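Chemist: In this note's numbering, the protein residues as written are 31 to 370.
Here it is, the structure, as structure tokens.
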């Protein structure tokens, strides 16, 4: 006969195990990080990322078109090339777009002059993404249309200006180098003979594939040497041709930096030309002088106004930064240097 006295003990033991399991399950659920608004859905149904892959309504995604006659690689477009453009620079833009499309990049053009139809003369026009908002910069577009979750499927994000020459540049080789060197933020070096070079560190060197710092004599600690840990001696690239890894872009989008002395560099082996042409509708002075028939409206140049506003916005940003540092008692500046 079964021991009747042991039955209540087993039931209590089983009950305790059920309670413990439920409590453990509840603890896990409480700790589970869910995107806001998705709490009512099972976790596996939530897709938190996307991409810019374009396809017709009747087409399967590229990764599923394994047997398609279309010559497209499986999981194509693992890198993104985005650029703010105006129709006046269409020749340079055309060369860049063709080169990056040939390397299986997704290409996105931000039209700051509102002239989208003018690009239909190029055979690639329907293969790239067009976003048009007048008089905005590439950073305005990037903040609103390149959210980290949207570009999460891309390994690298190229966010370039339109006045660059890419005759000697090879996107595939560049990606290979930055992966090998572990660069999270980078730029191709500038050809010093043909480019408008504003900062010494961005000029191409011929000794190495990549350089992460520059050297310059200076008094009172204002030079650049091996012990320098801050821009513009190290951890510095210019904004005309930045390249971000997906991890770095998530940080940059929120205005946070990583280890700039190691993971930020200039790739000398793959270089470009910076023509420094007026953008955002600015007028090239040499062209304006030659062409006296240019209308007064076309001659109007807002570049001085843009520069004035940039200083104003920089001042606002500095005040925001100081206020944020003061209010965030938990934040520690990883790059704070001791006062000499």
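Glycine included, every Cβ here is placed at the ideal spot set by N, Cα and C.
On a predicted model such as this, the values are computed, not experimentally measured, just so you know.
State the CB to CB distance for the pair residue 114 and residue 142, rounded to an integer number of angstroms; the pair is presumed to be in contact (CB under 8 Å).
Modeler: Indeed they touch by this definition, with Cβ atoms about 5 Å apart.
Chemist: In whole angstroms, what is the alpha-carbon distance linking residue 160 and residue 282?
Modeler: For residue 160 and residue 282, the distance between alpha carbons rounds to 23 Å.
Chemist: Just to check my reading of the structure: residue 241 and residue 295 have Cβ atoms closer than 8 Å, yes? What is that Cβ distance to the nearest angstrom?
Modeler: Rounded, the Cβ-Cβ distance is 7 Å, consistent with contact.
Chemist: Among 222, 63, 139, which one has its Cα closest to the Cα of residue 119?
Modeler: Nearest option by C-alpha distance: 139.
Chemist: At least one CB of chain B closer than 8 Å to the CB of residue 301: is that the case?
Modeler: The structure shown has no chain B; it contains just one protein chain.
Chemist: Residues in its own chain within less than 7 Å of residue 206 by CB, not counting five upstream and five downstream?
Modeler: If we look at residue 206 and ignore the five residues flanking it on each side, it has no Cβ neighbours.
Chemist: Would you list the residues sitting across from residue 296 in a DSSP beta bridge?
Modeler: Bridge partners of residue 296: 217, 241.
Chemist: For residue 144, count neighbouring C-beta atoms within 10 Å of its own C-beta (all shown protein chains included) and say buried if the count is 16 or more, exposed if not.
Modeler: Classification of residue 144: exposed, given that the 10 Å Cβ count is below 16.
Chemist: Pick out whichever of 211, 203, 264 has its Cα sitting closest to the Cα of residue 230.
Modeler: Ranking 211, 203, 264 by Cα distance to residue 230 puts 264 first.
Chemist: Got a sec, what are the start and stop residues for the beta strand (DSSP E) residue 142 sits in?
Modeler: Residue 142 -> no beta strand (DSSP E), and no H or E assigned at all.
Chemist: For the candidate residues 125, 197, 149, whose alpha-carbon lies nearest to that of residue 116?
Modeler: Nearest option by C-alpha distance: 149.
Chemist: Is it the case that the segment 234 to 250 contacts the segment 183 to 191, given that we only count it when at least three CB pairs across the two stretches are under 8 Å?
Modeler: No, the segment 183 to 191 is not in contact with the segment 234 to 250.
Chemist: Where does residue 155 sit, in a helix, a strand or coil, going by DSSP?
Modeler: DSSP places residue 155 in helix when its eight states are reduced to three.
Chemist: I need the straight-line Cα distance from residue 202 to residue 338, nearest angstrom please.
Modeler: Taking the straight line from one Cα to the other gives about 39 Å.
Chemist: Which residues in the same chain as residue 97 place their Cβ atom closer than 7 Å to its Cβ, once the five residues preceding and following it in sequence are excluded?
Modeler: The predicted model places residue 97 with a pLDDT of 41, which falls under 50 and marks its position as unreliable, so this point remains unresolved.
Chemist: If you drop the 5 nearest sequence neighbours on each side, which residues of the same chain put their C-beta closer than 7 Å to that of residue 355?
Modeler: Excluding sequence neighbours, residue 355 sits near 361.
Chemist: What do you get for residue 254, buried or exposed, if any count of 16 or more other CB atoms within 10 angstroms of its CB means buried?
Modeler: The residue is buried, with at least 16 neighbouring Cβ atoms inside 10 Å.
Chemist: Using the C-alpha atoms, what's the distance from residue 335 back to residue 135?
Modeler: Each residue's Cα considered, the two are about 35 Å apart.
Chemist: Using 10 angstroms around the beta-carbon of residue 215, count the other beta-carbons present and answer buried if the total reaches 16, otherwise exposed.
Modeler: Label assigned to residue 215: buried.
Chemist: Between which two residues does the alpha helix (DSSP H) harbouring residue 184 extend?
Modeler: Careful: residue 184 lies outside any alpha helix (DSSP H) and carries neither H nor E.
Chemist: Taking Cβ positions, are residue 394 and residue 78 nearer each other than 8 Å?
Modeler: The requested residue 394 is not part of the displayed model; the chain covers only 31 to 370.
Chemist: Which residue comes first and which comes last in the beta strand (DSSP E) that contains residue 131?
Modeler: Segment 120 to 132 is the alpha helix (DSSP H) holding residue 131; no beta strand (DSSP E) there.
Chemist: Hey, residue 188 and residue 110 are a contact pair by Cβ (cut 8 Å); roughly how many whole angstroms apart?
Modeler: Yes, residue 188 and residue 110 are in contact; Cβ-Cβ is about 7 Å, under 8 Å.
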